[in-house]
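According to this note's numbering, the stretch in the sequence shown is residues 9 to 382, in order.
Note that the Cβ used here is the ideal one computed from N, Cα and C, for glycine as well.
Just so we're clear, the structure is a prediction, and the values are computed from it rather than from any experiment.
Right, one structure below, let's go through it.
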Amino acid sequence: MRDTNHREHSSPLYLTSSFTFESAEEARALFANEREGNIYSRYSNPNTDEFVEKMCLLEGADDGVATASGMAGVFGCLAGLLKQGDHVIASRSLFGSTHQILAQLLPRWGITTTYADTLNTESWHSLIQPNTRLLFLETPSNPGLDLIDLEWTGKFAKAHNLILVVDNCFATPWLQQPMEFGADLVQHSATKFIDGQGRAIGGIIVGRQSLIDEIRFFARHTGPSLSPFNAWLFSKSLETLAVRMERHCDNAEKVADFLHEHPGVEYVRYPHHPSHPQYELAKRQMKRGGGVVCFQIRGGIQKASLFIDRIQMLSLSANLGDTRTIVTHPATTTHSKLTPEERTASGISDGLIRIAVGLEHPDDIIQDLDQAFG
Ligand SMILES: *Cc1c(COP(=O)(O)O)cnc(C)c1O
């Protein structure tokens, strides 16, 4: 962002709902899109613009729209691009509310979704319908950390003329840049690793100009805009994204190694752990494994509940991507709205525990996990 007359080093905060016009002519030109400038903070604001610009540089995107939450971004993207009669293909393991939008809300407007088996991408050819317009994916998936081959998917989307949207929340652009593999749009919940400190809710969608223009039209008029204050926080957070992600990954690798060796663990999932069934793919498309580890505890739901109740230092919460490590039991919390069949199809068993590894000393994290096995 450009300095103001005060030559401040840190970006100032523009808490203003509207902006003034120098003249009748300038106001006319701004509204006619003949001139660039701010009119009203539902449309644009210097703080949200700074956040969007930085995210576009990180993801290699043309332009973007910042939103009040990750979900406002997901909905803005789908509602902004799709129309009655359109068909979506989506990966099976999706963030809970994304699943609810596709399964419960979009059908009200005649938009249908088919879920794809992400471990067998060749089967996707048979899911294409004449009205299929968009492919929506999450990789790594939440909470199971399954991966989808982005290079293969980019080619598949292009061959079938589909808009490819990737929710890149778990990886962040520091570890994975889906547009390199042919994604048209990249979606983020900025609430997670982008803020990284558990302070604010927000989201962003970036990608190809023509698609962003359509999403911006939808967002301008329906109003899911990000607040300038949260945009300011996220912009500041991006200055530390790389160092935070490296430490998240260092700690997560140690936690994955510890769990892998523990007799109370049936299996551990971490993209860059050699035991991950898609380890080779993870090495190809992710720079490092990310900040989330999940594992299957021996002894099912009872043992999982005991484990959660014994946690002392770490936080029991449903969020992720915080400086502080968070332990979650997806089957009874974040993914409890899914039917048991949907949970099974998404690989969420009753003994699955998700650890969003934070930035504490790794020995402290491991010590707390170790004692929680009892
Ligand atoms: C949290 C999350 C979202 C939703 O973001 P909010 O900021 O909570 O609205 C979407 N996708 C993924 C993968 C998430 O983890």
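Inter-residue spacing [alpha-carbon to alpha-carbon] between residue i and residue j
i    : j    : result
H374 : Q184 : According to the sequence provided, residue 374 is Ile. The question's His does not apply to it. Their backbone Cα atoms lie some 27 Å apart in a straight line.
M79  : H281 : 30 Å
E34  : R228 : 20 Å
G162 : A74  : 24 Å
K392 : A339 : The structure shown does not extend to residue 392, since the chain spans only 9 to 382, so no value can be given for it.
G308 : E350 : 18 Å
T341 : I356 : 11 Å
R100 : T336 : 20 Å
Y275 : H268 : 7 Å
W117 : R255 : 44 Å
G272 : F381 : 7 Å
R292 : R36  : 51 Å
E44  : S18  : 24 Å
K311 : G329 : 25 Å
S313 : L324 : 12 Å
K3   : I109 : There is simply no residue 3 to check, as the chain begins at 9 and stops at 382 in what is shown.
P348 : T106 : 18 Å
L219 : G206 : 30 Å
R15  : K62  : 20 Å
N53  : N327 : 28 Å
P279 : D258 : 13 Å
N41  : F27  : 15 Å
F315 : A264 : 17 Å
G215 : D317 : 42 Å
L21  : W240 : 7 Å
D57  : T333 : 31 Å
G81  : T129 : 26 Å
F83  : H133 : 26 Å
Endpoints, beta strand (DSSP E) assigned at residue i
i    : result
A364 : L360 to A364
R141 : T140 to E146
L172 : I171 to D175
R277 : V273 to R277
A74  : D71 to T75
A98  : H95 to S99
T121 : T120 to A124
S452 : Coverage of the chain is limited to positions 9 through 382, which leaves residue 452 absent and any answer about it impossible.
Distance cut-off 7 Å: residue i Cβ against heavy atoms of ligand 1
i    : result
I47  : no
V82  : yes
K200 : yes
M253 : no
M321 : no
E58  : no
I209 : yes
D175 : yes
T106 : yes
F178 : yes
G78  : yes
N238 : no
F103 : yes
E146 : yes
S99  : no
S245 : no
S1   : Since the first residue shown for the chain is 9 and the last is 382, residue 1 is missing from the structure and cannot be characterised.
N150 : yes
Opening and closing residue of the alpha helix (DSSP H) in which residue i lies
i    : result
Y287 : Y287 to Q293
L158 : L158 to A167
F189 : No alpha helix (DSSP H) contains F189, which DSSP labels as neither H nor E.
I305 : Careful: I305 lies outside any alpha helix (DSSP H), inside the beta strand (DSSP E) at V300 to I305.
I220 : Q217 to T230
I334 : Where I334 is concerned, there is no enclosing alpha helix (DSSP H), although the beta strand (DSSP E) it sits in stretches over I334 to T336.
A396 : Outside the displayed span of the chain (9 to 382) sits residue 396, for which this structure offers no information.
A35  : A32 to F39
L241 : P236 to L246
G297 : It is not in any alpha helix (DSSP H) - G297 carries neither H nor E in the DSSP assignment.
Cβ-Cβ separation, residue j to residue i (assumed contact under 8 Å), whole Å
i    : j    : result
G88  : I209 : In fact, because the Cβ distance is near 20 Å, the residues do not count as touching under 8 Å.
L193 : C85  : 6 Å
P370 : K262 : 4 Å
F266 : L377 : 7 Å
H95  : N139 : 5 Å
T122 : L135 : 5 Å
T331 : G204 : 7 Å
Given 8 Å as the limit, is there contact between the stretch 288–308 and the stretch 138–151, that is, 3 or more CB pairs closer than that?
-> With the cut-off at 8 Å, the stretch 288–308 and the stretch 138–151 touch.
State whether the stretch 220–236 contacts the stretch 360–379, with contact taken as three or more CB pairs (one from each stretch) at a distance under 8 Å.
-> no
Stretch pair the stretch 53–71 + the stretch 172–188: three plus CB contacts closer than 8 Å | yes
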